[in-house]
Structures are given as structure tokens and as C-alpha cells.
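Notes for the one structure printed next.
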Amino acid sequence: MNHRTAVVTLLSCIFISSVNGVLRVMTFNLWISGANVNNGLQKIAKHIALINPDIVALQEVVSINALNNLTALLGDEWTSICHQNKDSPDVAIITKHEIHSQSYANTSRGIGVRILVDSWYFVNVWSVHLDYLSYGPYAAYNKLVTSMDQIMAGENPRSGQGRRQNMEEIKNNPKMASWIRKSSYVPVIVAGDFNSPSHLDWTVKAKRRHGGWSVEWPATKIMSDLGFIDSFREVHPNVDADPGYTWSTVNKFNEQWDYTIPEPQDRIDFIFCLGDITPIRSFVYAGSEPLQPIPRHWNNDYPSDHFAVVTDFDVKNIL
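Numbering (mature numbering (1 follows the signal peptide of the UniProt record, and there is no 0)), first residue to last: -21 to -1, 1 to 298.
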């Protein structure tokens, strides 16, 4: 696909969000609230405005002030809520619709809230940011790793703070458990940076692309076992044709070896859904301007080291 075709495709996807009966959701890792590019916060606001989502799950929000400044840049119609039990919020949700703050729930790695869309229907939304340590692909591509137990030690460490434990905590949150039980009435969306690939991508068929491993990554498997649909993979079932990599826009080589060793690229940002809504369109997004990789990234127009993910949901069944 050439640059002009890509831009036309992107613009057509953006304008779809105004169609009736469609809910547009975005997940966006802000890379320390835009601190790694010039005028980063303004660029974050610019790209959110271009996408025109109804709801955005944010990660790497450094402060309440940064969040307030972002919503101010977006305009009066935007409201926000962030993690209320952390000095640095990290996770937040912003929306053009009505947040029911009394529905707020949190875990160590996420927040959830109920949103009233267009004064018409409710949706329960989580923004999550799972632990980044012991990143699984580093183990999978390490030739000294010879057993699945070694890979899983990073997902389920003895410290209790791994990605499996993060997801179990979200799953077992009382409010989340209630929302799951009642998802046929009010849909549930879980979006964010999982810092983990998907078990739907690391299949036996795709072993050659993944260091010879097929891995049932627990964070995404837990979501599937709960009945959640991976919206991007639902719309794009062919892993080879549409890998959907979200890591990374700019982190292509490891700086500790003078940028000679490639950084594993993978799909680690997700939008999951449960209930009577259907993903009809999903894409990864990093703007339309060329991106310079680290360390030449400071003047990039797109302000994140992650691709954002955007999904349009058909919500007509719940209207």
C-alpha cells in the first residue's frame, strides 16, 4: 500500500465515527504524556481529535495536571477520570460522554467506569496497563531459553506482580465480576497496553515468526476464557496478512548495542469487548506523517512509541 492510499484509507476510517449506531473506542499509550517528543501533549490532543473517538483508554498518564491539560486542549465536551490511588495515575479514561463516577473501580493496573453514551445507552469501560517487566518476547527470542516454564516465569512471577496476576486481579474485582455477569444488558470494553502478545497470534502455525515458539500468553487467554472478543483480531483474522503490530512506532533497535540488535515487534495493545456489540472496523494508528526511530524521534508528529488501536463497534442491538 503506497502512502497516498494509506492516507485515504485512514481518513475514510476516521470519518466513519460520525455514523449513527457506531461507538468508536481508542486505546492510546501516551509515552509519558508526550514527554518524548517536542510539543507532545499538543500532538496527543491533535491525534485524538483527528480520530474523533467516543471513548479513549489512556496509559502512561504522568499526573492529574497532564490529564486536565489534555482534556482542556481537546475542548469543553471532554471529561476524564484517572486512577485515584496512585501518585502518578498511569491509567485514565477520557470521553465526550457522561462518566458515572460513582461506578468507579480500580485495581493495581487498571480502572473501570460506566459511561452513558449520547444520553441513550451505557457501556462499562476499563483502561489497563499491565506490568512491563520480563517482557515475554525477549525470552522467546533468547536462544538460551529452552522451556515454556522459563517464558511463563515472566508472566506469572513469584513476586505476584506479573501480567497473569494483573489480569486475575482485574477479573476478580467485584465490580468487574458483576459487569461480566450483566454484560448482556451493558457491554464491557477492556482496552489498554497489555505488555504481552496475544495467544491468537503466537500459534503453532506462526511458530517460525516467533523464535520457534507457540505461546498461550495468559493475559489475553484470560480475556478469551471470560468470553471477551479481541476486536482487532475479530476484524482481521489473518495473522500473516494483518499482524497489527503496536510495538513499536519508533523502538526498532536496542540502544544498548548501538542500535544493531532488532527490538521484537508485536501486537501488545488491545481493545476487548463483551456483550451485544460487534466490532465492525479496527485499525492501528500512528498518524500519516513518516516517523523517525529512536534516537531521531524528537520531532515526530506522532507522539507515542506505541501505535494506538481504534475500533468501531456496531451498537444498534443495544439502542
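Yeah, the Cβ is synthetic: ideal placement off N, Cα and C, and Gly gets one too.
Predicted, not measured: the structure shown is a model, and the values here were computed from it.
Where residue i sits in the DSSP three-state scheme
i           : result
residue 92  : strand
residue 253 : strand
residue 260 : strand
residue 32  : coil
residue 226 : strand
residue 205 : coil
residue 241 : strand
residue 337 : Here the chain has residues from -21 to 298 only, and residue 337 is not among them.
residue -16 : With a pLDDT of 45 at residue -16, under the threshold of 50, the predicted position of this residue should be treated as unreliable, and no value is reported.
residue 268 : coil
residue 178 : coil
residue 170 : strand
residue 48  : helix
residue 284 : coil
residue 15  : coil
residue 140 : coil
residue 128 : helix
residue 152 : coil
residue 37  : strand
residue 73  : strand
Identity of the residue in the options nearest residue i by Cα
i           : options            : result
residue 226 : 87, 27, 288        : 288
residue 182 : 250, 254, 194      : 194
residue 106 : 4, 293, 242        : 4
residue 269 : 293, 262, 228      : 228
residue 150 : 213, 233, 89       : 89
residue 15  : 298, 272, 290, 172 : 272
residue 58  : 41, 133, 96        : 96
residue 135 : 197, 152, 213, 244 : 197
residue 79  : 56, 94, 72, 66     : 94
residue 122 : 11, 190, 33, 45    : 190
residue 253 : 178, 180, 162      : 162
residue 110 : 145, 170, 103      : 145
residue 262 : 231, 285, 234, 223 : 223
residue 202 : 138, 177, 28       : 177
residue 285 : -2, 276, 7         : 7
residue 113 : 68, 141, 213       : 141
Buried versus exposed, by CB contacts within 10 Å (16 or more), residue i
i           : result
residue 164 : exposed
residue 119 : buried
residue 81  : exposed
residue 129 : exposed
residue 239 : exposed
residue 295 : exposed
residue 236 : exposed
residue 39  : buried
residue 278 : exposed
residue 62  : buried
residue 281 : buried
residue -13 : At residue -13 the pLDDT is 48, less than 50, meaning the model places this residue with poor confidence and gives no usable figure here.
residue 85  : buried
residue 125 : exposed
residue 174 : buried
residue 157 : exposed
residue -16 : For residue -16, the predicted model reports a pLDDT of 45, less than 50, meaning its position is unreliable; a value from the coordinates is still stated below. So residue -16 counts as exposed.
residue 209 : buried
residue 298 : exposed
residue 116 : buried
Residue interval of the alpha helix (DSSP H) (run including residue i)
i           : result
residue 100 : Careful: residue 100 lies outside any alpha helix (DSSP H), inside the beta strand (DSSP E) at 100 to 108.
residue 121 : Counting along the chain, residue 121 falls outside any alpha helix (DSSP H), and DSSP gives it neither H nor E.
residue 214 : 210 to 214
Opening and closing residue of the beta strand (DSSP E) in which residue i lies
i           : result
residue 2   : 1 to 8
residue 85  : 77 to 86
residue 247 : From DSSP, residue 247 is part of no beta strand (DSSP E); its letter is neither H nor E.
residue 183 : It is not in any beta strand (DSSP E) - residue 183 carries neither H nor E in the DSSP assignment.
residue 97  : Element bounds for residue 97: n/a, residue is neither H nor E.
heavy atom of the ligand SAH below 7 Å from residue i C-beta
i           : result
residue 245 : Although the ligand SAH was asked about, the structure shown includes no ligands whatsoever.
Proximity test, Cβ basis, 8 Å: residue i and chain C
i           : result
residue 129 : Protein chain content of the structure displayed is limited to a single chain, and chain C is not contained in it.
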